[in-house]
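Asker: Below is one structure. I have some questions about it.
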Amino acid sequence: MRKINKGIEPEALTRWKRLNSTLRYRDLPVEESRSIRSACISEQYGLCAYCCQAITIDDAHNEHIEAQDRAQNRTLDLSNIIASCQRSHQCGHGRGTRALPLTPLMDECETELKFYLSGLVKGHTDRANTSIEALNLGHTEESNRGLVGARKTLVDALIYTQNLPPDELQNEDEDFLGLLLEDLQTPDAGRLQPFSPVLVNVIRHLLARP
Numbered sequence: 017m018r019k020i021n022k023g024i025e026p027e028a029l030t031r032w033k034r035l036n037s038t039l040r041y042r043d044l045p046v047e048e049s050r051s052i053r054s055a056c057i058s059e060q061y062g063l064c065a066y067c068c069q070a071i072t073i074d075d076a077h078n079e080h081i082e083a084q085d086r087a088q089n090r091t092l093d094l095s096n097i098i099a100s101c102q103r104s105h106q107c108g109h110g111r112g113t114r115a116l117p118l119t120p121l122m123d124e125c126e127t128e129l130k131f132y133l134s135g136l137v138k139g140h141t142d143r144a145n146t147s148i149e150a151l152n153l154g155h156t157e158e159s160n161r162g163l164v165g166a167r168k169t170l171v172d173a174l175i176y177t178q179n180l181p182p183d184e185l186q187n188e189d190e191d192f193l194g195l196l197l198e199d200l201q202t203p204d205a206g207r208l209q210p211f212s213p214v215l216v217n218v219i220r221h222l223l224a225r226p
């Protein structure tokens, strides 16, 4: 995950809410629903809020952090909505309505998860492990072989762009890792590279070594 900073809701949504104050998200027309998704994708720099693969407005869905049946008064609250990928059995579609004790709206989502170059992810805390398993983010290869494999492939590719074999990343000095970290966190035309927050997480753990 990567911490998401929520912005101002789209004007189309504000207008609709003003005219339909008693209605809920389920009543929202397509245009306003797409305006929410577009705003969320921009805030997320083109990445799924949970797994960090690339998404677009046509291959993502609006996802409520607090599920609609649990927080009916927040179904139209943009601060409760993010954009999730459409992969079945993971992220928004995998989680269903289960509560998430750790979310991409929390700073700790960047520190309580630990990613590995193998493509796997583990939690440093119980709440991190609960969210990882609810979202099926690949705590074991068997749990989500497709995501684990895609994550490893694309993270390896990010490292190879530095003319560096992935297994040599841990041997690089702090200056090199710091420059790579900065590059990975810099959007290009409003988008981050797919799975770049995963490699950011790996590098931060390398830099934190004693």
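Be aware that the sequence shown starts at 17, since it is given in the working numbering, and climbs by one per residue.
Think of the CB as a built atom: it goes at the ideal place given N, C-alpha and C, for glycine as much as any other residue.
The model shown is predicted, which means the values in this text are computed figures rather than measured ones.
At what residues does the alpha helix (DSSP H) containing residue 179 begin and finish?
Answerer: On the sequence shown, position 163 is the one that residue 179 refers to. Note, residue 179: premise wrong, no alpha helix (DSSP H); not H, not E.
Asker: I'd like the ranges of any alpha helix (DSSP H) spanning at least 4 consecutive residues and lying wholly in the segment 104 to 175.
Answerer: 107 to 111, 142 to 151
Asker: Just the C-alpha distance for residue 110 and residue 164, rounded to the nearest angstrom, thanks.
Answerer: Sequence index remark: in the sequence shown, residue 110 carries index 94 (1-based). Sequence index remark: in the sequence shown, residue 164 carries index 148 (1-based). Cα to Cα, the separation comes out at about 15 angstroms.
Asker: On the three-state DSSP scale, how would you describe residue 204?
Answerer: For this step, residue 204 is matched to residue 188 along the sequence shown. Looking at residue 204 - three-state DSSP - the assignment turns out to be strand.
Asker: Rounded to a whole number of angstroms, what is the C-alpha to C-alpha distance between residue 105 and residue 155?
Answerer: Residue 105 sits at position 89 when you count from the first residue of the sequence shown. Residue 155 sits at position 139 when you count from the first residue of the sequence shown. Going from the Cα of residue 105 to the Cα of residue 155 covers about 14 angstroms.
Asker: Enumerate in chain order the residues of its own chain whose CB-to-CB distance from residue 183 is below 8 angstroms, with the five nearest sequence positions on each side excluded.
Answerer: In the sequence shown, residue 183 corresponds to position 167, counting from 1. Excluding sequence neighbours, residue 183 sits near 133.
Asker: Within the same chain, show all residues whose beta-carbon is closer than 8 angstroms to that of residue 42, passing over the 5 residues directly before and after it, in chain order.
Answerer: As a working mapping, residue 42 is identified with position 26 in the sequence shown. Within the same chain, residue 42 has close Cβ partners 84, 91.
Asker: My assumption, with CB atoms under 8 angstroms, is that residue 209 sits in contact with residue 174. Please give the rounded CB distance.
Answerer: Translated into positions along the sequence shown, residue 209 becomes position 193. Translated into positions along the sequence shown, residue 174 becomes position 158. That belief holds up - the Cβ atoms of residue 209 and residue 174 are roughly 6 angstroms apart, short of 8 angstroms.
Asker: Apart from the five residues just before and just after residue 211, which ones in its own chain have a Cβ nearer than 6 angstroms to its Cβ?
Answerer: What you label residue 211 is simply residue 195 of the sequence shown in a count that begins at 1. Excluding residues within five positions, the ones whose Cβ falls inside 6 angstroms are 68, 167, 170, 171.
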